[in-house]
Amino acid sequence: MDIEREPRLTVENTIGGIQAVSLSIREQVPGAVIPLAFITERAQWKALDLGWMNILCEFCNAKHWLAECTSGSTIARSIFEQCCKKAAVQLPSILPLPEPLQSSMKNQDSTSQTFRSKIQEYNSALSFTSVKYQADTCTANWDPGVQCFQIHGELYHLQGPLEPALHNAPQFAQLFLYDLQYAANIRFTSHPNLEPQLLEQLTLMLHKCNLFIPIYQTAKERLQAANINTGDGVTHIVLNPQLQLIVESGADKRRCNLPTSNEVAMIIGDEYAESGFHDIILASRGNNNESRFFTINGNHASYMPLHYVLFFP
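Residue 145 in numbering that gives the first Met the number 0 sits at position 146 of the sequence shown, with consecutive numbering throughout.
The structure is reproduced here in structure tokens:
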């Protein structure tokens, strides 16, 4: 903070303000780590009110703020170009959510309101992948306003083996390979604050409409068959960005085989080469029966749908 440009602030007041802010953070965020040299300026931030985002584009019904309208707009007619370029771009309509997710998102009964207040926990209970991050608690959520999720470093989505380690309960994607009732009971045990009946209904909904569950079930069957045939137990499956399952056990035999023809019509690059930067590795079990997790690259087409299952059911 520049004290010369702010003559009303003295060194004593500035230090006292920092100490008061740090004390407030520690009181409201238990376990918050405040470095000794940390200086926050949040006390000087001012709220910015942009008004309601409730003006619809007449062509595509996208919501806008009033300040986003073009210069040709009038009081009676607001025109926008950032969404569809005045109908020049035709986007497919958003499909309605499957039930009971649709009604839970729109209804105003107590069950629906409770669901929306705990939607993050419901999503966590039903997701295929886990999240790895380092939380930053220096300034997170110690003052009024919109609560924010603040991290230090990168956010990772992790994919584990398709079978749990010995004596461990199944979790994440593993639960979609079990009976619906058993999986719902395991999820409720891990998340006792959720409504068990709604959790079971959402599990059934995902089994009916989610495209990844059959892929994971097929992957497990192919892994079991491959491990029986090879006997080495190290076979894994690559789920590439095109959502194709490629069984791999050791080196890729298609790269090592001798040519079977004297003519070459086409050379295809690394389409089926070793697992690449955008692949997801699926294994039946980790080494020594451990639950080893693989990091999913953020550029993979399945990165978001595998974790945010209630956004992409």
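C-beta: ideal position from N, C-alpha, C; glycine also.
Please read these numbers as outputs of a predicted model, since none were measured by experiment.
Original post:
Nearest-angstrom Cα distance between Lys207 and Ile74?
Top reply: 47 Å
Original post:
Is His206 helix, strand or coil when you go by DSSP?
Top reply: helix
Original post:
Using the beta-carbon count (16 or more within 10 Å), is Pro312 buried or exposed?
Top reply: buried
Original post:
If you drop the 5 nearest sequence neighbours on each side, which residues of the same chain put their C-beta closer than 7 Å to that of Glu80?
Top reply: Thr69
Original post:
Would a C-beta distance cut-off of 8 Å place Lys45 and Met52 closer than the cut-off?
Top reply: no
**OP:** Answer yes or no: does any C-beta atom of chain B fall closer than 8 Å to that of Trp64?
**Re:** Here chain B cannot be found, since the structure has a single protein chain.
**OP:** Could you check which residue in Gln112, Asn209, Leu210, Lys84 has the C-alpha nearest to that of Leu193?
**Re:** Gln112
Original post:
In this structure, does DSSP put Ile212 in helix, strand or coil?
Top reply: helix
Original post:
Gln180 lies in the alpha helix (DSSP H); which residues open and close that run?
Top reply: 179–189
Original post:
With a CB to CB cut of under 8 Å and the five nearest residues on each side skipped, what residues in its chain are close to Leu100?
Top reply: Leu201, Met204, Leu309, Pro312
**OP:** Could you tell me how far apart the beta carbons of Leu197 and Phe127 are, in whole angstroms, since I believe they sit closer than 8 Å?
**Re:** Going by Cβ atoms, the distance from Leu197 to Phe127 rounds to 19 Å, so no, they are not a contact pair.
Subject >> Cβ shell of Ala86 (< 6 Å), same chain only, five flanking positions each side left out >> reply: Phe58
**OP:** Using 7 Å as the cut-off, classify the Cβ of Met204 as near or not near the heavy atoms of the ligand MG, replying yes or no.
**Re:** With respect to the ligand MG, the structure shown offers nothing to examine, as it has no ligands at all.
**OP:** Determine the DSSP secondary structure at Ile118, reduced to helix, strand or coil.
**Re:** helix
Original post:
How would you label Glu98, buried or exposed, when you count the other beta carbons within 10 angstroms and need 16 or more for buried?
Top reply: exposed
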